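Read through the structure below, which is laid out as structure tokens, and then see the notes.
Protein chains in written order, with my numbering: chain A, 1 to 453; chain B, 1 to 563.
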């Protein structure tokens, strides 16, 4: 039996080693216009990538032996785009049967076969925040991914070392499910009550387990274990960053008050169409906002919106990002960022930060990605013109210094799996990945119920 | 106290195979007269494949009392033996199905309670019933038993129907049993689980299922510790609450019982592996269809695998001369690439040295031999294919000491065929399961038949059919006239030899399956013949059996043109 256990340990370490074998590239990107985001624009500059990291940034760097050279003369090099709100690459989005599901995790349902990953790479995106849906007040844990398209083991897409995050949701989506199922919450008041009740329950749970752990008796009996409560305790202890689906200013303010009461600090509001109304409060709390550039009026709670949202938040000192929430929008997030120059006059660096450094901060990965700096991961996108130019076309996308997209050698059919029994006719550009999946798996309401709030 | 009891139960379970064999012997009292006169058989002068690559020519094998008594070229034949001339016959070990529903009856789905609280439904609605046993779902009437047996399977690891955690599986002999208990080699051998959520309740999909599994497992770990402590010294200790779900997990948590995960796609398989790596249980992947991308991982792990016997249909590409765009040709090529991955993965696993068995759980029994031939045509050696059906499956299931190969003292599980088992023209003549003999007559192959038959849709069965029965007394023909009466069918059988017409009783036609029975007076005894078969276009391919004599013979018919 002992021998057997030892064998298992060996196997497990072998598996861990296998998982760590995602490739890291070496490349010299020569003579490009480098948009560093943190250090301005560097003309005619080289970037040397060694073993997946940015090794050196400078002029006329020597090409080490065996390192591929890419001539970026006349091209624009920027940090890989990071989408702080995405539902691509997931086999399931909502465990919509319960209103508190902090125990579930998107890391269990990563789908590396999703063609949307490749499409996102073709838009310069290198990382996404694969989020649970918004059907539950406390939804599932999210997963931060690197878009290493071509690997079929979900573990190979993991952004190794990224902090844990979780999805919360306020407003119409979670109350809709409650009303449909005849369970809590059915109103915005109910949402707040459910949040407070859940955290209070978690505190009780924490006390029980602390007492158990402190007990020196050899005959101590463990309290009931709950993965749901474990996660809530981890949130209270600051180990899990909260990303909350929200629209209205009143509920955004409500959540900040709840979090203040429970001492939770790490908070980013997702969508947050009315965040501009409480921008100073968000800045004071230290909360982030991840918004759409100009998308609203698809339900009652998103009518009071403005395209100046991102700019107002940025000018108030709120860490702000622009996200896609969509398998289509994700392909041109650089357009979405550029809109903040028309609506709010943001600088190039400010606008680019909305889709690079700021989402990296919101995901807790800004020490690794989000800008072009020596020592950071070589997650890089190359464009034929300035990415904030409406005519810009992404040419190449690198993750860890490995090229995963190259417009010049783009294959027609990039699918990683094809059902042998499928018919040829169904192959088409449009698929479900371009649909919004925030409420997938939750009961949907009809038009009248939507406006009968 | 409880723990001691549990331990002794495990010891008992280990002895169960032996107990069952002796049960099989003693259960021969037979008021119905259906049992054969002898259970001693000798197949002489046959090619006996003891195991893949281990063949005896012109040899004899003797089955007695459900066991292989002797085999070899110099074997004495017991006086009570029915001697079967095995000239030109091939005898193989009986096949073993690593994971199937064979013999189990699908229970009605649990009804949705009126006051269902979707976040926390009752366990039976959530599909969390690991305390259940497949033995409570078994029925001797299940067609699946004969369907699998007639293609050579003699042992099935049968798992229960259900949702996320339906219950425990059992190892069954596909023998001639009068009660399901007589089929049991051992029950309670595995915990079966799958990615099937509860409709509209928790856990509803893979997200909830993964979390719920972790939650149950970890709670069971604590619950077991508590139960053990209490069992050794209850004084002053809070009494553990009994929970049948938790208790069902105890042997899994202690690695005494494996988890069989129904994981057909590579993503499902990887999710099951994720749970195993997180929690540390003994994992068996069952029904795996997409294993080609994970061969290295499987090889470097202790995970056992039963590959699905279901294969995708070969894609039908446009003809050479058909006018299609270049793009369509390219897409067809890519689709074919993945068909090839499916059918050649078995050979690749063999090359990598992965020992695997097969699972029929998603396969149609009629396709299984064709699918095996497809795997062989795409790189799997016949040796490995046979091993996967027999010895390797037995080893993976921990029953190689009693079955999986032909040698003295093993259970008399064998397949007798009229040629090498994987040859297209070979047909199975007999199957011995637990020493019980099942005869299969050679059927004439329809010309050009590839198993798919006539593709024309069956419009209706009303009309006049010409039938032929190949009985031991020779061929006999006649007509059957079927009429539709409302939603029901009635029919009359007319025999060419002038015998009185027979009414076709219990005539049913569902999903192209046509069955009826008829009776005649066999010298003071009413003899009933049951006919079951499939209608394909205007052809009917059936088997007529007389259960009283335990014989059956083929009946074929074709529908006459109304003009």
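The beta-carbon is built from N, C-alpha and C at its ideal position, and this holds for glycine as well. Please read all numbers here as calculations on a predicted model, not as lab measurements.
Asked                                                                                                                                                                                         : Found
Any idea which residues DSSP pairs residue 245 of chain A with across the strands?                                                                                                            : A:169 and A:270
With a threshold of 6 angstroms on Cβ separation, who are the neighbours of residue 404 of chain A within its own chain once the five nearest residues in sequence on each side are excluded? : 121, 149 and 397
Whole angstroms are fine: how far does the CA of residue 125 of chain B sit from the CA of residue 306 of chain B?                                                                            : 29 angstroms
Tell me the rounded alpha-carbon separation between residue 142 of chain A and residue 312 of chain A.                                                                                        : 28 angstroms
For residue 458 of chain A, is the classification buried or exposed, using 16 other Cβ atoms within 10 angstroms of its Cβ as the cut-off for buried?                                         : Residue 458 of chain A cannot be examined here, being either before or after the span of chain A that is shown, 1 to 453.
Which residue's Cα is closest to the Cα of residue 26 of chain A: A:246, A:51 and A:336?                                                                                                      : A:51
Which residues in the same chain as residue 59 of chain A place their Cβ atom closer than 8 angstroms to its Cβ, once the five residues preceding and following it in sequence are excluded?  : 44, 45 and 46
Just by C-beta distance, which residues in the segment 142–154 of chain A are closer than 8 angstroms to chain B?                                                                             : 152, 153 and 154
For the beta strand (DSSP E) holding residue 554 of chain B, just list the boundary residues, first then last.                                                                                : 551–559
Is it buried or exposed, residue 442 of chain B, if we count other Cβ atoms within 10 angstroms and call 16 or more buried?                                                                   : exposed
Hey, is the segment 272–291 of chain B in contact with the segment 249–261 of chain B, meaning 3+ C-beta pairs nearer than 8 angstroms?                                                       : yes
Within 7 angstroms of any Cβ in chain A, is that where the Cβ of residue 226 of chain B sits?                                                                                                 : yes
Assign residue 294 of chain B to buried or exposed, taking buried as 16 or more other Cβ atoms, counted over all protein chains shown, within 10 Å of its Cβ.                                 : buried
List the residues of chain B that residue 98 of chain A touches, going by C-beta distances under 8 angstroms, in chain order.                                                                 : 118, 119, 120, 202 and 208
How about residue 205 of chain A: is its C-beta nearer than 7 angstroms to some C-beta of chain B?                                                                                            : no
I think residue 265 of chain A touches residue 164 of chain A, with their Cβ atoms under 8 angstroms apart; what is that distance to the nearest whole Å?                                     : No, residue 265 of chain A and residue 164 of chain A are not in contact; Cβ-Cβ is about 15 angstroms, not under 8 angstroms.
Between residue 272 of chain B and chain A, is any beta-carbon pair separated by less than 7 angstroms?                                                                                       : no
Count the other C-beta atoms from every protein chain shown that fall within 10 angstroms of the C-beta of residue 10 of chain A, then say buried if there are 16 or more, exposed otherwise. : For residue 10 of chain A, the pLDDT reaches just 41, beneath the cut-off of 50, and the residue's location in the model is therefore unreliable, leaving the point undetermined.
Is the separation between the beta-carbon of residue 308 of chain B and that of residue 287 of chain B shorter than 7 angstroms?                                                              : yes
Along the chain, where does the beta strand (DSSP E) containing residue 118 of chain B start, and where does it finish?                                                                       : First-last for residue 118 of chain B: undefined, no H or E at that position.
Terminal residues of the continuous beta strand (DSSP E) containing residue 398 of chain A?                                                                                                   : 394–399
Give the list of continuous alpha helix (DSSP H) stretches no shorter than 4 residues that lie fully inside the segment 344–425 of chain A.                                                   : 348–353 and 357–363
Helix, strand or coil for residue 332 of chain A per DSSP?                                                                                                                                    : helix
What residues of chain A sit near residue 326 of chain B, judged by a beta carbon separation below 9 angstroms?                                                                               : The contacting residues do not exist; residue 326 of chain B stays about 10 angstroms from chain A at best.
Using beta carbons (cut-off 7 angstroms, strictly below), is residue 338 of chain B in contact with chain A?                                                                                  : yes
When DSSP labels each residue in this structure, what does residue 99 of chain A get in the three-state scheme?                                                                               : coil
Which same chain residues end up closer than 6 angstroms to residue 379 of chain B when comparing Cβ atoms and leaving out the 5 residues on each side of it in sequence?                     : 344 and 347
Is the CB of residue 450 of chain B under 7 angstroms away from at least one CB in chain A?                                                                                                   : Unreliable placement is indicated for residue 450 of chain B, whose pLDDT of 43 sits below 50; no coordinate value is reported for it.
For residue 563 of chain B, count the other beta carbons within 10 Å of its own beta carbon; 16 or more makes it buried, fewer makes it exposed. Which is it?                                 : Any reading at residue 563 of chain B must be qualified, since the residue scores a pLDDT of 48, below 50, and its modelled position is unreliable; no value is offered.
I'd like to know if the segment 111–119 of chain B and the segment 169–188 of chain B are in contact, where contact means that at least 3 CB-CB pairs between them fall below 8 angstroms.    : no
Assign residue 74 of chain B to one of two classes, buried (16 or more other C-beta atoms within 10 Å of its C-beta) or exposed (fewer than that).                                            : exposed
Helix, strand or coil, according to DSSP, for residue 509 of chain B in the structure here?                                                                                                   : strand
Which same chain residues, not among the five before or five after residue 318 of chain A, have their C-beta less than 8 angstroms away from its C-beta?                                      : 275, 279, 282, 283, 287, 288 and 289
Beta strand (DSSP E) containing residue 466 of chain A: first to last residue?                                                                                                                : Because chain A in this structure spans residues 1 to 453, residue 466 of chain A falls outside the shown range and cannot be described.
Measuring alpha carbon to alpha carbon, tell me which residue in B:536, B:500 and B:518 is nearest residue 529 of chain B.                                                                    : B:518
Determine, using beta carbons only, whether residue 293 of chain B comes closer than 7 angstroms to chain A.                                                                                  : yes
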